[in-house]
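Asks: Chains as they are written, first to last, in the UniProt record's numbering: chain A, 1 to 360; chain B, 1 to 360.
Ideal Cβ placement from N, Cα and C applies to all residues, glycine included.
Structure provided below as structure tokens; questions to follow.
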């Protein structure tokens with residue numbers, strides 16, 4: 001029996017929507033159904049350039065997408081400052097919600113979004129694609145293995161890319177009225193999510209932002225970092241920046257094992273992804289080398305991680321639509337924890353690098 | 001013409017002295033000549049177990065090694081608290097000095113050592129072996145290349161190992177009267193050295209220790225970390241611990257390039273060592289992967305890094321002995337900078353994680 005096809009509407013023609021349109025096409029249980037832009041011409045161009053079927057609806061507003069009764073779900077890649085308005089309206093119109101990160105400017109706004117999703121019975125998921133790669137599940141097996149990894153002690157995450165002059169001048173991610181969280185919201189989101197993921201989503205007790213964040217003239221963060229501290233002594237650090245060469249590291253160190261990867265957000269290649277693990281690493285006699293050596297593991301995937309994300313989201317939506325299941329709250333919880341820590345880091349920066357408690 | 005053979009005396013029978021004895025044997029311009037221990041039996045056992053020639057001198061005290069006129073240079077792997085006493089005495093006895101790290105408990109003690117070396121015309125070098133691996137020079141070429149690496153923006157270094165219960169109870173590195181700097185002195189030394197090395201030994205303006213260091217009952221650091229901050233905005237972090245699986249990372253990120261290695265202190269294999277670099281990393285169309293991909297570089301070495309260290313030290317000593325050259329001050333300068341930053345991190349921990357200026 002063919003799977004339920006979830007019909008997607010897309011709000012806006014952001015660059016990332018091109019990638020997600022392809023992912024919707026690739027996912028076996030989803031299809032491109034509508035796109036809306038403030039300019040209907042732009043929407044039409046987007047639809048024709050991104051594999052929308054000839055029957056797809058092209059709208060000159062976001063509202064029109066939400067008013068289309070045949071749209072099951074919307075993907076919202078709008079600037080962060082617009083999330084609360086459009087996400088809430090989408091939920092009210094009973095559209096299931098795949099929302100770009102950062103999910104909101106702050107936790108209070110995000111709670112408004114989640115309340116709207118819950119009261120309208122719609123599924124929420126943020127678009128953190130790497131969560132859905134089979135590599136992620138494989139790495140979780142390692143981190144959960146008390147024999148191979150032991151007890152988590154420290155994590156380091158780094159996500160940087162070198163924005164070009166046009167980006168630094170014009171991109172929404174450097175505009176205080178659009179993505180006020182700047183690099184912290186855009187790529188720090190991934191660092192924080194990766195750290196929480198390694199920690200099995202146990203929230204840190206406190207964060208302390210690193211000194212020396214870089215701001216643009218409008219006060220938007222271009223580069224920053226933080227340490228995160230747990231009650232049991234676990235510690236994490238991250239660094240995110242628009243001003244350095246593209247780098248995407250996660251290192252997790254436990255009492256017995258170590259995990260390394262260098263492409264955690266976007267794997268180097270689409271059809272496979274690797275990570276390195278080591279367990280009870282030690283030295284040869286006279287410390288002339290290591291024994292055992294770390295080992296590399298490669299995980300193949302038929303579908304890219306973004307299509308797997310769309311497939312999982314659509315599966316949940318299908319369960320609600322066809323079988324009357326309740327929305328899965330897990331994804332909103334993970335988003336909320338990420339946003340909580342992100343805002344604590346921002347608060348620490350604003351308070352002159354004082355420790356800030358992470359209060360759920 | 002055969003190279004000048006530098007005759008080494010070793011003070012004490014520390015475990016690390018076994019490795020360095022082998023290195024002295026391997027270096028073409030050095031030879032094992034004497035070993036002294038508070039127990040002459042222990043010294044004799046050490047000499048016979050570690051390749052000393054039958055003619056080697058075995059002494060029942062450190063003084064006796066220093067009093068032997070045929071000893072050119074001494075390797076001093078004694079506990080840190082004994083460094084100033086024995087290093088100064090060695091210099092006064094005109095013995096060139098290869099000193100284990102951390103070089104001293106603080107900069108003031110180290111300055112006493114250096115003054116003794118300078119006034120007695122002896123060569124100083126600390127035993128940070130990886131500085132002498134040809135991989136290090138190869139990585140320096142990358143970091144110095146404005147086209148491939150650009151301007152340095154951030155560094156992260158991590159050195160941890162999982163000490164066994166016996167180490168945590170009995171090793172000199174957890175004893176306040178022997179190696180009071182604990183994990184910070186023992187392995188944090190390498191982290192700090194690697195960060196300074198990446199920064200071409202430009203000192204940071206300040207450091208801020210990370211919260212949550214772990215101490216043993218005697219108050220010795222078992223785990224800690226810090227951020228380092230430069231005037232131009234460069235930032236570095238490190239984490240060192242006796243309580244986590246063996247991990248040895250350096251990541252350096254510049255505006256144009258990224259360097260990764262995971263075995264910076266002790267290469268995975270003795271005869272070759274690798275590192276990964278990337279330049280102007282970016283994504284494929286639709287961000288389905290990376291282009292270009294990072295590349296792996298492997299550097300072969302005929303001699304292990306410890307023997308290369310001994311060879312370089314002995315070359316400098318030979319120049320002083322045979323050609324009347326002045327001692328090379330570079331190595332003492334690098335040691336002093338490392339010690340300066342190390343003590344600033346310790347001061348930040350002691351001051352409740354306040355920023356501490358690094359004052360040369």
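(1) For residue 216 of chain A and chain B, any beta-carbon pair shorter than 7 angstroms?
(2) If we count the other Cβ atoms within 10 Å of its Cβ and call it buried at 16 or more, is residue 147 of chain A buried or exposed?
(3) What's the C-alpha gap between residue 273 of chain A and residue 308 of chain A?
(4) Sorted by chain position, which residues of the same chain lie with C-beta nearer than 6 angstroms to residue 355 of chain A's C-beta, five sequence neighbours on each side aside?
(5) Thinking just about the alpha-carbon of each residue, which of A/120, A/79, A/55 and A/152 is nearest to the one in residue 255 of chain A?
(6) Could you tell me if residue 291 of chain A is buried or exposed, where buried requires 16 or more neighbouring beta carbons within 10 angstroms of its beta carbon?
(7) Sort B/109, B/246, B/37 and B/166 by Cα distance to residue 391 of chain B and report the nearest one.
(8) Kindly identify the DSSP beta-bridge partner or partners of residue 61 of chain A.
(9) Using a Cβ-Cβ cutoff of 8 angstroms, what residues of the region 247-274 of chain B are near chain A? List them in chain order.
(10) Kindly give me the distance between the Cβ atoms of residue 201 of chain B and residue 337 of chain B, rounded to whole angstroms, as I take these residues to be in contact under 8 angstroms.
(11) Any contact of the region 97-114 of chain B with the region 244-254 of chain B, i.e. 3+ C-beta pairs under 8 angstroms?
(12) Is it the case that the Cβ atoms of residue 198 of chain B and residue 265 of chain B are separated by a distance below 7 angstroms?
(13) Return no unless some Cβ of chain B is closer than 7 angstroms to the Cβ of residue 1 of chain A.
(14) Compute the Euclidean distance between the alpha carbons of residue 166 of chain A and residue 172 of chain A, then round it to the nearest angstrom.
(15) Using a C-beta cutoff of 7 angstroms, does residue 101 of chain A count as contacting chain B?
(16) Where are the beta strand (DSSP E) runs, 3 residues long or more, that stay fully inside the region 159-223 of chain B, in chain order?
(17) Establish whether the CB of residue 133 of chain B and some CB of chain A are separated by less than 7 angstroms.
(18) Specify whether the region 88-103 of chain A and the region 41-61 of chain A touch according to this definition: at least 3 beta carbon pairs, one from each stretch, less than 8 angstroms apart.
(19) My output table needs one value for residue 9 of chain B: the three-state DSSP class, helix, strand or coil.
(20) To the nearest whole angstrom, what separates the beta carbons of residue 210 of chain A and residue 224 of chain A, a pair I think is in contact under 8 angstroms?
(21) Answer with buried or exposed for residue 296 of chain B, where buried requires no fewer than 16 other C-beta atoms within 10 angstroms of its C-beta.
(22) Just to confirm, are residue 322 of chain A and residue 4 of chain A a CB contact at a threshold of 7 angstroms?
(23) Find out if the Cβ-Cβ distance for the pair residue 17 of chain B, residue 77 of chain B is shorter than 7 angstroms.
(24) Look at the alpha carbon of residue 1 of chain A and the alpha carbon of residue 132 of chain A, and state the distance between them as a whole number of angstroms.
(25) According to the neighbour-count rule (16 or more other Cβ atoms, all chains shown, within 10 Å of its Cβ), is residue 232 of chain B buried or exposed?
(26) Beta strand (DSSP E) containing residue 250 of chain A: first to last residue?
(27) What span of residues does the alpha helix (DSSP H) with residue 335 of chain B cover, start to end?
(28) To the nearest angstrom, how far is the alpha carbon of residue 217 of chain A from that of residue 175 of chain A?
(29) Can at least three beta-carbon pairs, one atom from the region 92-106 of chain B and one from the region 180-191 of chain B, be found at a separation below 8 angstroms?
(30) So which of A/97, A/128 and A/135 has the shortest CA-CA distance to residue 122 of chain A?
(31) How would you call residue 285 of chain A, buried or exposed, if buried means at least 16 neighbouring beta carbons within 10 angstroms?
(32) At 9 angstroms on the CB atoms, spell out the chain A contacts of residue 156 of chain B, in chain order.
(33) Locate the beta strand (DSSP E) running through residue 260 of chain A, then write down its first and last residues.
(34) Decide if residue 41 of chain B is buried, meaning its Cβ has at least 16 other Cβ atoms within 10 Å, or exposed.
(35) Let me make sure I understand the geometry here. Which of B/222, B/46, B/257 and B/74 has the alpha-carbon closest to that of residue 125 of chain B?
(36) Go through the region 41-120 of chain A residue by residue and report every complete run of the alpha helix (DSSP H) that reaches 4 residues or more, in order.
Replies: Per the coordinate set shown:
(1) Here residue 216 of chain A corresponds to residue number 216 of the first chain, with the count starting at 1. No, no contact with chain B.
(2) If you number the first chain from 1, residue 147 of chain A lands on position 147. With fewer than 16 other Cβ atoms within 10 Å, it is exposed.
(3) Against the first chain, residue 273 of chain A aligns to sequence position 273. Against the first chain, residue 308 of chain A aligns to sequence position 308. Rounded to the nearest angstrom, the two C-alpha atoms are 14 angstroms apart.
(4) Here the question's residue 355 of chain A lines up with position 355 in the first chain. Cβ within range, chain order: 206 and 208.
(5) The residue labelled residue 255 of chain A in the question sits at position 255 within the first chain. Looking at the Cα atoms, A/152 is the closest of the given residues.
(6) Working through the first chain from its first residue, we reach residue 291 of chain A at position 291. By the neighbour-count rule (16 or more Cβ atoms within 10 Å), residue 291 of chain A is not buried but exposed.
(7) The structure shown does not extend to residue 391 of chain B, since chain B is modelled only from 1 to 360, so the question has no answer here.
(8) Residue mapping note: residue 61 of chain A aligns to position 61 of the first chain, counting from 1. Looking at the DSSP assignment, residue 61 of chain A forms no beta bridge with any residue, so it has no partner.
(9) 247, 249, 251, 253, 254, 255, 256, 257, 258, 260, 262, 263, 266, 267, 268, 269 and 270
(10) Here the question's residue 201 of chain B lines up with position 201 in the second chain. Here the question's residue 337 of chain B lines up with position 337 in the second chain. Contact holds; Cβ gap of about 6 angstroms.
(11) no
(12) By 1-based counting over the second chain, the position of residue 198 of chain B is 198. By 1-based counting over the second chain, the position of residue 265 of chain B is 265. Against a cut-off of 7 angstroms, the Cβ pair of residue 265 of chain B and residue 198 of chain B comes out as no contact.
(13) Position 1 of the first chain holds residue 1 of chain A. The predicted position of residue 1 of chain A is uncertain, since its pLDDT is 47 and thus under 50; a value taken from the coordinates is nonetheless stated next. Not one chain B Cβ lies under 7 angstroms of residue 1 of chain A.
(14) What you label residue 166 of chain A is simply residue 166 of the first chain in a count that begins at 1. What you label residue 172 of chain A is simply residue 172 of the first chain in a count that begins at 1. Those two C-alpha atoms are separated by around 11 angstroms.
(15) As a working mapping, residue 101 of chain A is identified with position 101 in the first chain. With 7 angstroms as the cut-off, residue 101 of chain A does not count as an interface residue toward chain B.
(16) 206-209
(17) In the second chain, the residue the question calls residue 133 of chain B occupies position 133. For residue 133 of chain B, the answer is no, since every Cβ of chain A falls outside 7 angstroms of its Cβ.
(18) no
(19) In the second chain, the residue the question calls residue 9 of chain B occupies position 9. Three-state result, residue 9 of chain B: strand.
(20) For the purposes of this step, residue 210 of chain A is taken as the residue at position 210 of the first chain. For the purposes of this step, residue 224 of chain A is taken as the residue at position 224 of the first chain. The pair is a contact, with the Cβ atoms about 7 angstroms apart (cut-off 8 angstroms).
(21) The count along the second chain starts at 1 and reaches residue 296 of chain B at position 296. With fewer than 16 Cβ atoms within 10 Å of its Cβ, residue 296 of chain B is classed as exposed.
(22) By one-based count along the first chain, residue 322 of chain A stands at place 322. By one-based count along the first chain, residue 4 of chain A stands at place 4. For residue 322 of chain A and residue 4 of chain A, yes; Cβs fall inside 7 angstroms.
(23) As a position in the second chain, residue 17 of chain B is number 17, starting the count at 1. As a position in the second chain, residue 77 of chain B is number 77, starting the count at 1. Yes, Cβ-Cβ distance for residue 17 of chain B and residue 77 of chain B is below 7 angstroms.
(24) Here residue 1 of chain A is taken as the residue at index 1 of the first chain, counted from 1. Here residue 132 of chain A is taken as the residue at index 132 of the first chain, counted from 1. With a pLDDT of 47 at residue 1 of chain A, under the threshold of 50, the modelled position of that residue is not reliable, and the figure given next carries that caveat. Cα to Cα, residue 1 of chain A sits roughly 24 angstroms from residue 132 of chain A.
(25) Along the second chain, read from residue 1 onward, the residue named residue 232 of chain B stands at position 232. With fewer than 16 Cβ atoms within 10 Å of its Cβ, residue 232 of chain B is classed as exposed.
(26) Counting from 1 along the first chain, the entry for residue 250 of chain A is found at position 250. Start and end: 243-254.
(27) Taking the second chain and counting its residues from 1, the one referred to as residue 335 of chain B is at position 335. 330-350 is the span of the alpha helix (DSSP H), which, as asked, contains residue 335 of chain B.
(28) By one-based count along the first chain, residue 217 of chain A stands at place 217. By one-based count along the first chain, residue 175 of chain A stands at place 175. Distance between the alpha carbons of residue 217 of chain A and residue 175 of chain A is about 10 angstroms.
(29) yes
(30) Residue 122 of chain A sits at position 122 when you count from the first residue of the first chain. Selected option, being the one with the closest Cα: A/97.
(31) Here residue 285 of chain A refers to the residue found at position 285 when the first chain is read from its first residue. By the neighbour-count rule (16 or more Cβ atoms within 10 Å), residue 285 of chain A is not buried but exposed.
(32) As a first step, residue 156 of chain B is located in the second chain; it is residue number 156 there, counting from the start. Chain A residues near residue 156 of chain B: 156, 158, 237, 239, 249 and 251.
(33) Against the first chain, residue 260 of chain A aligns to sequence position 260. Here the beta strand (DSSP E) through residue 260 of chain A covers 257-261.
(34) As a position in the second chain, residue 41 of chain B is number 41, starting the count at 1. Looking at its Cβ environment, which holds fewer than 16 other Cβ atoms inside 10 Å, residue 41 of chain B is exposed.
(35) Sequence index remark: in the second chain, residue 125 of chain B carries index 125 (1-based). That would be B/74, whose Cα lies nearest to the Cα of residue 125 of chain B.
(36) 62-67, 83-92 and 107-119
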